[in-house]
Each structure stands twice: as structure tokens, then as C-alpha cells.
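What follows is one structure encoded as C-alpha cells, with my remarks underneath.
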Amino acid sequence: SNPANSAGSTGPATGDVVGVKPRAGNDYWFDHDDVRVATDAGRLYGKDARRRAAASTRPLDPGADAIAPESINPVHRLWRPTPGRTGMLGDADRTFLCDRVTTADGSRYVVNGAAEAAGLLPAALSDRLPLADATRVRDVREFNEVMASAYLPAFERLAGRVARASVPVVIESYADVASPLSTRDDSGIDVGIDAVAVVDPGRARIYAGDRYAKARRVAAGSAREGRLEEHTDAVTDMIESVATVGLPALSGEERARPATVA
50 SNPANSAGST
60 GPATGDVVGV
70 KPRAGNDYWF
80 DHDDVRVATD
90 AGRLYGKDAR
100 RRAAASTRPL
110 DPGADAIAPE
120 SINPVHRLWR
130 PTPGRTGMLG
140 DADRTFLCDR
150 VTTADGSRYV
160 VNGAAEAAGL
170 LPAALSDRLP
180 LADATRVRDV
190 REFNEVMASA
200 YLPAFERLAG
210 RVARASVPVV
220 IESYADVASP
230 LSTRDDSGID
240 VGIDAVAVVD
250 PGRARIYAGD
260 RYAKARRVAA
270 GSAREGRLEE
280 HTDAVTDMIE
290 SVATVGLPAL
300 SGEERARPAT
310 VA
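With our numbering as the guide, the letters of the sequence shown map in order to residues 50 to 311.
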């Protein structure tokens, strides 16, 4: 299930909408065309962030000229299949290679040092991305430290921009992460969520934003190490949806149209 949160102005609708995707990821093997498109330019992002940027009718920040995928997607994770191997984060048959984190000064890369030591980091990736000076993490403890020092501030910068937005913002999640825009309790940032749509094949379940947020806080104690996340079913098992709507099957061409995505 992939939740999408709706937040923003409660004033009159202007027709403008902004989409953000705080966390995203793709696979060096399964999504190789998308990986090549980004890394050939020395960047790392996926087609979802690219489509959200294209579908947004205006920049999130007043005065900005364009919407770059990295500006609406603070963290992008690159995976690779590793049959028979469990990765650092506990995922069977796949291993994360590196993350791109959007900082106040640009992009920062975090490399899975254990995967690199095992020879799993493709040489072509190091040729296309500035990984020589990247931060290396070799276990979950080191990863959690980097998450606290770099990832959370990146999410909070985006959360602050969303909270200040004068138009509605759609916050798309990643995989089954219940709340993709993590902030610390003492951050002082309040992203008011109006509604949450949990999307499964063929349907979307709609939840009241305030009830979903309360259930997510209750579920927060079950977060797994190295993730900074709660899973959608841990939240939705505690509350009832207010509506369920059907979703039609769409062709690849239809899904590629920004108007359809919006």
C-alpha cells in the first residue's frame, strides 16, 4: 500500500497543485534505463519524482523558476538484486547501494560500505556519481547516526516548505511507508494533513488526516532500526477509512502523462 497525504491551504482553490515525494528509490537492474538517465547527468532520482515535478503546476517555493526532482525528493535510494543475500536493512534478495540526500548546499551521497566491500557496487556507478567523497556506512548503527544528522534535517527542510505552501500539496509516500515526511517532535514544524489516500491495485482508501496522524503516532513505537518509518498496515489496522474508491487500470502511456498523474 502506498499512502499519499494531502496538505496545504484551506482557502479557495486556485487550480494550482504541488506534488512532493520525500522518499523514493529504484533498482540498478530492474530500472536501469531510469538509472542511466539520471546518472549520465551525474544525478540520482527516479521517474516518480521526475513525473511529480512535471505534473506540479508551480514550484513549491515562491520565486523559484523550475522544479527539479531533487528539490521535491530529499532522499532517493538505489538498490540492486542480491538473490540469496539479506542486505544491511534486513531486506531479503536485495541490497541498497547508495542514497542521495538533498542538503542545504546540494546533493550528498551515502554509500553502503558493506555492499561495496562485498563487490556489489557497480564500477559504472562510481564513474557517473561523485561517490569517492561519499559517506560510508557499514552497519545499522552507523546508518542510524547518518540518518539523524543528515536525513532528518533534509525531511524537515521539505516539511517546512510544505507547511508554508499557499496551495495544496500532495505528499506521495514510498512503498508501504505510512508517513514519508519525518520530523522530530521538537522541530516545531506542523504539516497539517487534510486527508490520506492509501492506494492498492484497483482501489484507494481515504482516511481523515487527523485520525491517521494519531494512529501513526501510536504505531511509531514499532519502527524498525535503520528505517525511520512505520508501515501503512500498522496505522490503518487501527482506524476505519471514510471512503473507498475504485481505480482503473492505466496503460504505460496514460501513466506517463503529467495530467493523468496530477
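We treat Cβ as the ideally placed atom computed from N, Cα and C, and that holds for glycine.
Inset, instruction - Alpha carbon to alpha carbon, how far is Gly-95 from Arg-306? Give it in angstroms, no decimals. - result: Those two C-alpha atoms are separated by around 16 Å.
Inset, instruction - Taking Val-267 as the reference, give the member of Val-216, Gly-251 and Asp-286 with the closest Cα. - result: Asp-286
Legend entry - Cβ distance (whole Å) where Thr-184 is taken to contact Phe-204 below 8 Å: In fact, because the Cβ distance is near 17 Å, the residues do not count as touching under 8 Å.
Legend entry - Which residues DSSP lists as bridging Pro-108, in chain order: Answer is none; Pro-108 lacks a bridge partner.
Inset, instruction - Taking Ser-156 as part of the beta strand (DSSP E), name the residues at either end of that continuous run. - result: 155-161
Inset, instruction - May I ask you to list the residues that DSSP assigns as paired with Arg-254? - result: Val-247 and Thr-293
Legend entry - Host alpha helix (DSSP H) of Arg-213 (start-end): Residues 201-213.
Legend entry - Under the three-state DSSP convention, the category Glu-274 falls into: Confidence at Glu-274 is low in this model, with a pLDDT of 41, below 50, so the placement of that residue should be treated as unreliable; the coordinate-derived value is given next. DSSP places Glu-274 in coil when its eight states are reduced to three.
Legend entry - CA-to-CA distance, Asp-154 to Glu-289, given in whole angstroms: 42 Å
Legend entry - Inter-residue Cα distance where the pair is Ala-117 and Pro-250: 29 Å
Legend entry - Exposure label - Glu-303; buried when at least 16 CB within 10 Å: exposed
Legend entry - Cutoff 7 Å; reference Val-159; Cβ partners in own chain excluding five residues on either side: Cys-147, Asp-148, Val-150, Ala-183, Thr-184, Val-186 and Val-195
Legend entry - Cβ pair count under 8 Å reaching 3, the segment 119-126 against the segment 91-108: yes
Inset, instruction - Verify the contact flag: Ala-172, CB atom, against every heavy atom of the ligand PLP, threshold strictly below 7 Å. - result: This structure does not include the ligand PLP; it has no bound ligands of any sort.
Legend entry - Assigned secondary structure, Asp-225 (DSSP; H/G/I helix, E/B strand, else coil): coil
Legend entry - Own chain partners of Asp-259 with C-beta closer than 8 Å, once the 5 adjacent residues on each side are dropped: Ile-242
Inset, instruction - May I ask which residues mark the beginning and end of the beta strand (DSSP E) holding Pro-118? - result: Element bounds for Pro-118: not the beta strand (DSSP E) but the alpha helix (DSSP H), 118-121.
Legend entry - Start-to-end residues for the alpha helix (DSSP H) that takes in Asp-82: Counted as a single uninterrupted DSSP element, the alpha helix (DSSP H) harbouring Asp-82 occupies residues 81-88.
Legend entry - Beta-bridge partners of Asp-148, as assigned by DSSP: Arg-126 and Val-159
Inset, instruction - Note down the Cα distance separating Ala-115 from Pro-108, rounded to an integer number of angstroms. - result: 6 Å
Legend entry - Cα-Cα separation, Val-216 to Ala-163: 43 Å
Inset, instruction - Using 10 angstroms around the beta-carbon of Arg-265, count the other beta-carbons present and answer buried if the total reaches 16, otherwise exposed. - result: With a 10 Å radius around the Cβ and a threshold of 16 neighbouring Cβ atoms, Arg-265 comes out buried.
Legend entry - Own chain, CB closer than 7 Å to Ala-87, minus 5 neighbours either side, in chain order: Leu-93 and Tyr-94
Legend entry - Under 8 Å between C-beta atoms of Leu-127 and Asn-75: yes
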